[in-house]
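What follows is a short report on a single structure.
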Amino acid sequence: MKKKHISHKSRTDWNRVDKLRDKDIDFSENPEVTPEMFAKAVLRKGLKPVTRKSQVTLRIDDEVLTWFKNQGKGYQTRINSLLKAYKEANQNESGRTI
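To convert, take the position in the sequence shown, counting from 1, and add 911; that gives this note's numbering.
Okay, structure coming up:
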(Lines of atoms letter the chains of each structure in order from A and count residues from 1; the text may use other names and numbers.)
(Lines give C-alpha, C1' and ligand atoms only; values in the text may rest on other atoms or scores of the structure.)
Protein backbone atom coordinates (compact mmCIF):
# COMPACT_ATOMS: atom_id res chain seq x y z
CA MET A 1 0.00 0.00 0.00
CA LYS A 2 1.39 3.38 -0.97
CA LYS A 3 1.80 5.89 1.86
CA LYS A 4 -0.26 9.02 1.54
CA HIS A 5 1.77 12.23 1.54
CA ILE A 6 0.25 14.39 4.27
CA SER A 7 2.49 17.46 4.41
CA HIS A 8 0.96 20.69 3.20
CA LYS A 9 2.49 23.89 1.98
CA SER A 10 3.16 26.24 4.87
CA ARG A 11 0.64 29.03 5.25
CA THR A 12 3.04 31.04 7.42
CA ASP A 13 3.84 34.53 6.19
CA TRP A 14 7.62 34.16 6.49
CA ASN A 15 8.28 37.69 5.17
CA ARG A 16 6.25 39.10 8.08
CA VAL A 17 8.01 36.78 10.56
CA ASP A 18 11.45 37.79 9.26
CA LYS A 19 10.60 41.47 9.79
CA LEU A 20 9.53 40.97 13.43
CA ARG A 21 11.74 42.48 16.10
CA ASP A 22 12.15 40.85 19.51
CA LYS A 23 10.03 43.51 21.19
CA ASP A 24 7.16 42.77 18.75
CA ILE A 25 6.86 39.10 19.76
CA ASP A 26 4.09 38.22 22.21
CA PHE A 27 5.42 35.77 24.83
CA SER A 28 2.41 36.11 27.16
CA GLU A 29 1.32 32.48 26.66
CA ASN A 30 4.79 31.07 27.36
CA PRO A 31 5.74 30.31 30.97
CA GLU A 32 8.73 32.17 32.35
CA VAL A 33 11.90 30.08 32.35
CA THR A 34 13.36 29.96 35.85
CA PRO A 35 16.98 29.34 36.90
CA GLU A 36 15.81 26.00 38.35
CA MET A 37 14.62 24.96 34.89
CA PHE A 38 18.02 25.79 33.40
CA ALA A 39 19.75 23.85 36.19
CA LYS A 40 17.82 20.72 35.19
CA ALA A 41 18.39 21.16 31.45
CA VAL A 42 20.51 18.69 29.52
CA LEU A 43 22.34 19.72 26.39
CA ARG A 44 23.40 16.76 24.25
CA LYS A 45 25.04 18.61 21.34
CA GLY A 46 28.25 16.90 20.33
CA LEU A 47 27.75 13.99 22.74
CA LYS A 48 27.23 10.36 21.84
CA PRO A 49 23.58 9.47 21.34
CA VAL A 50 21.83 7.92 24.30
CA THR A 51 21.98 4.15 24.01
CA ARG A 52 18.75 2.32 23.47
CA LYS A 53 17.41 0.38 26.43
CA SER A 54 15.16 -2.66 26.41
CA GLN A 55 12.38 -3.32 28.85
CA VAL A 56 12.75 -6.75 30.46
CA THR A 57 11.32 -8.74 33.31
CA LEU A 58 14.03 -9.63 35.78
CA ARG A 59 13.73 -11.56 39.02
CA ILE A 60 15.70 -9.89 41.81
CA ASP A 61 15.72 -10.84 45.49
CA ASP A 62 13.31 -8.67 47.48
CA GLU A 63 16.04 -7.50 49.84
CA VAL A 64 18.23 -6.39 46.93
CA LEU A 65 15.43 -4.52 45.20
CA THR A 66 14.33 -2.90 48.46
CA TRP A 67 17.90 -1.75 49.11
CA PHE A 68 18.12 -0.13 45.68
CA LYS A 69 14.70 1.51 46.02
CA ASN A 70 15.68 2.90 49.43
CA GLN A 71 18.54 4.75 47.70
CA GLY A 72 15.91 6.98 46.11
CA LYS A 73 14.87 8.02 42.64
CA GLY A 74 16.93 6.54 39.82
CA TYR A 75 17.39 3.10 41.31
CA GLN A 76 16.81 1.38 37.95
CA THR A 77 19.55 3.50 36.38
CA ARG A 78 21.93 2.54 39.21
CA ILE A 79 21.14 -1.16 38.73
CA ASN A 80 21.82 -0.74 34.99
CA SER A 81 25.13 1.03 35.72
CA LEU A 82 26.27 -1.77 38.01
CA LEU A 83 25.37 -4.44 35.45
CA LYS A 84 27.19 -2.49 32.74
CA ALA A 85 30.30 -2.14 34.92
CA TYR A 86 30.21 -5.88 35.65
CA LYS A 87 29.95 -6.63 31.93
CA GLU A 88 32.88 -4.35 31.10
CA ALA A 89 35.02 -5.81 33.90
CA ASN A 90 34.34 -9.37 32.76
CA GLN A 91 34.86 -9.20 29.04
CA ASN A 92 38.16 -9.21 27.22
CA GLU A 93 39.14 -6.86 24.40
CA SER A 94 37.41 -9.01 21.78
CA GLY A 95 34.11 -8.50 23.58
CA ARG A 96 33.87 -12.08 24.81
CA THR A 97 33.15 -12.89 28.42
CA ILE A 98 36.13 -14.15 30.37
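Each residue gets a CB set at the ideal place from its N, CA and C atoms; glycine is no exception.
Fully contained in the segment 923–951 are the following alpha helix (DSSP H) runs of length 4 or more, in chain order: 925–930 and 946–951. Of the residues Q966, T968, S965 and I990, the one whose Cα lies closest to the Cα of T977 is I990.
Assigned with DSSP and collapsed to three states, Q987 falls in helix. Shown here, V975 sits in a helix according to DSSP, grouped into three states.
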